[in-house]
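**Student:** The structure that follows is given in the form of structure tokens.
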Amino acid sequence: MGKVLIIGAGGVGTVVAQKVAQNPDVFTEIMLASRTKSKCDAIAADVKKRTGVTIQTAQVDADVVPELVKLFNRFKPELVINVALPYQDLTIMDACLEAGVNYLDTANYEPKDEAHFEYSWQWAYRDKFEKAGLTAILGCGFDPGVTSIFTAYAAKHHFDEIHYLDIVDCNAGDHGKAFATNFNPEINIREVTQKGKYWENGQWVETEPHEIHKPLNYPKIGSKESYVIYHEELESLVKNFPTLKRARFWMTFGQEYLTHLRVIQNIGMARIDEVEFNGVKIVPIQFLKAVLPDPGGLGENYTGQTSIGCRIRGLKDGKEKTYYVYNNCSHEEAFKETGAQGVSYTTGVPAMIGAMMFFKGEWHKPGVYNVEEFNPDPFMEKLNIHGLPWVELHDVNLEL
Ligand code: NDP
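Positions in the sequence shown are counted from 1; adding 10 to them yields our numbering.
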């Protein structure tokens, strides 16, 4: 059906490459490009071994628009799946406009010199994409991504109005390391050390980092201390579902993880500004990334599972209703299938399905859209087929 270019050869890029190759009826030609070509080559070799499919590889610096445009004009993809870093979102979108290529990503734009993310920068491209007749699909991982689609599905099928949304993200896996992040350490640490924020009664309420917390029960896992943090899908969900009175995002953290995080911050290793060291300028958090375990390499001894879902309260036929939809994903199963751990898997599979939605014409709408603005039904169906089956519970105690 179509030619796809994947940019980024980390943990998520590994899963996207494997899953795209598993679906040759949809993805007829595949290229994987990243800053370090040897990583693309290693992934391509593993894809060949597992699926028999040949993936082309290329080197590209995705911070440089002309380099991207040159690559796009050479390979001529119909869609780019951006699983590099959030810093590259705008340059890749610019190159897409210049070369006439559609776009999909899993994380919203974040400037390198400011630990701050929001959609405004990418939403500002809406007119340009619309005029060019190109589709840009934003936030198509698990969270954002599946959590947004779960919400859209609930609003479409189970509620007349959704009022309270709690996205609950639990990673009950054990990778055996004292401290490691499950995706890019720089992005992850920037995200979890910022102030908390949630939506209530038409405005944002800010909290100190990890100020609000309580134990929540997760299916097949049990009780885990869960913390309110700000997460990017809240921004688009409260806009697209204006009946929401409150929207929060909860993530589980172990005490050991939080202690490490506190030390990292206290000793200045989470700093994102440059410091001088032995005559060279370094950014402490980037140096830290270099010495921490590579998230893409955590898979081998990773046990346990993730459980991510949406707990929703609202009205149906004039009566109050509760609803919980979730997926549990096993790190071991993910590793067996793709060579990557569960967090990369739960991000890469939805990115592949989003691309599939585009090529099948289900999600084809010139402009820039968050995933909840598309029809959730065909996507939900594919989640069950491609490795992330979901479970629905009606009229349950949401604990919230
Ligand atoms: P990694 O750090 O493992 O991989 C990032 C890849 O991008 C690396 O291969 C890196 O190259 C490449 N890259 C970085 N800068 C450039 C550049 N300038 N040009 C070309 N390539 C570049 O990250 P992950 O795979 O863990 O995460 C990928 C993305 O997925 C991130 O944006 C992250 O925020 C997002 N994510 C989304 C989630 C969701 O549920 N929505 C959950 C988890 C992650 P090199 O190898 O040379 O460093």
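Beta carbons are placed, not taken as given, at the ideal position from N, Cα and C, and that holds for glycine. Being a predicted model, the structure only gives us computed values, none of them experimental.
Measuring CA to CA, which of 37, 330, 240 and 193 is closest to residue 14?
**Tutor:** As a working note, residue 14 is residue 4 in the sequence shown. The candidate whose alpha carbon is nearest that of residue 14 is 37.
**Student:** Got a sec, what are the start and stop residues for the alpha helix (DSSP H) residue 366 sits in?
**Tutor:** Counting from 1 along the sequence shown, the entry for residue 366 is found at position 356. 352 to 369 is the extent of the alpha helix (DSSP H) around residue 366.
**Student:** What do you reckon, are the CB atoms on residue 12 and residue 92 nearer than 8 Å?
**Tutor:** As a working mapping, residue 12 is identified with position 2 in the sequence shown. As a working mapping, residue 92 is identified with position 82 in the sequence shown. No. Outside cutoff.
**Student:** In or out: residue 153 buried (at least 16 other Cβ within 10 Å) or exposed?
**Tutor:** As a position in the sequence shown, residue 153 is number 143, starting the count at 1. Residue 153 comes out buried.
**Student:** For residue 83, name the three-state secondary structure that DSSP assigns.
**Tutor:** Residue 83 sits at position 73 when you count from the first residue of the sequence shown. Residue state, collapsed to three classes: helix.
**Student:** Just reading off the beta strand (DSSP E) that residue 135 is part of, what are its end residues?
**Tutor:** Position 125 of the sequence shown, counting from 1, holds the residue named residue 135. Run containing residue 135: none; DSSP gives neither H nor E here.
**Student:** For residue 180 and residue 222, I'd like the C-alpha separation in whole angstroms.
**Tutor:** To locate residue 180, count along the sequence shown from 1; it is residue 170. To locate residue 222, count along the sequence shown from 1; it is residue 212. Between residue 180 and residue 222, the C-alpha separation is close to 16 Å.
**Student:** Counting only the same chain and skipping the five closest in sequence on each side, list residues whose C-beta sits under 6 Å from that of residue 192.
**Tutor:** As a working mapping, residue 192 is identified with position 182 in the sequence shown. Excluding positions up to five away in sequence, the list reads 305 and 353.
**Student:** Assign residue 277 to buried or exposed, taking buried as 16 or more other Cβ atoms, counted over all protein chains shown, within 10 Å of its Cβ.
**Tutor:** The residue you call residue 277 lines up with position 267 of the sequence shown. It counts as exposed.
**Student:** Would residue 90 be called buried (16 or more neighbouring beta carbons within 10 Å of its own) or exposed?
**Tutor:** Position 80 of the sequence shown, counted from the start, is the residue given in the question as residue 90. Buried is the call here.
**Student:** Please confirm if residue 293 has its CB atom under 8 Å from at least one CB of chain C.
**Tutor:** In summary, chain C is missing from the structure at hand, where a single protein chain is found.
**Student:** Which residue or residues does DSSP assign as beta-bridge partners of residue 209?
**Tutor:** Numbered from 1 along the sequence shown, position 199 holds the residue referred to as residue 209. Answer is 214 and 257.
**Student:** Scan the region 263 to 329 and note each continuous beta strand (DSSP E) run of 3 residues or more that stays entirely inside, going in chain order.
**Tutor:** Segments of the beta strand (DSSP E) lying fully in the region 263 to 329: 285 to 287, 290 to 292 and 315 to 326.
**Student:** Just checking my contact of residue 131 with residue 100 at CB under 8 Å: how many whole Å lie between their CB atoms?
**Tutor:** Here residue 131 corresponds to residue number 121 of the sequence shown, with the count starting at 1. Here residue 100 corresponds to residue number 90 of the sequence shown, with the count starting at 1. Confirmed, about 6 Å.
**Student:** Classify residue 106 as helix, strand or coil using the three-state DSSP reduction.
**Tutor:** Position 96 of the sequence shown, counted from the first residue, corresponds to residue 106. Reduced to three states, the DSSP call for residue 106 is helix.
**Student:** Rounded to the nearest angstrom, how far is the Cβ of residue 334 from that of residue 403, given a contact under 8 Å?
**Tutor:** Translated into the one-based positions of the sequence shown, residue 334 becomes position 324. Translated into the one-based positions of the sequence shown, residue 403 becomes position 393. The pair is a contact, with the Cβ atoms about 4 Å apart (cut-off 8 Å).
**Student:** What's the C-alpha gap between residue 241 and residue 257?
**Tutor:** For the purposes of this step, residue 241 is identified with residue 231 of the sequence shown, where counting begins at 1. For the purposes of this step, residue 257 is identified with residue 247 of the sequence shown, where counting begins at 1. If you take the alpha carbons of residue 241 and residue 257, they lie about 10 Å apart.
**Student:** Measuring only the C-alpha atoms, how far is residue 68 from residue 20?
**Tutor:** The residue you call residue 68 lines up with position 58 of the sequence shown. The residue you call residue 20 lines up with position 10 of the sequence shown. The alpha-carbon atoms of residue 68 and residue 20 are separated by roughly 14 Å.
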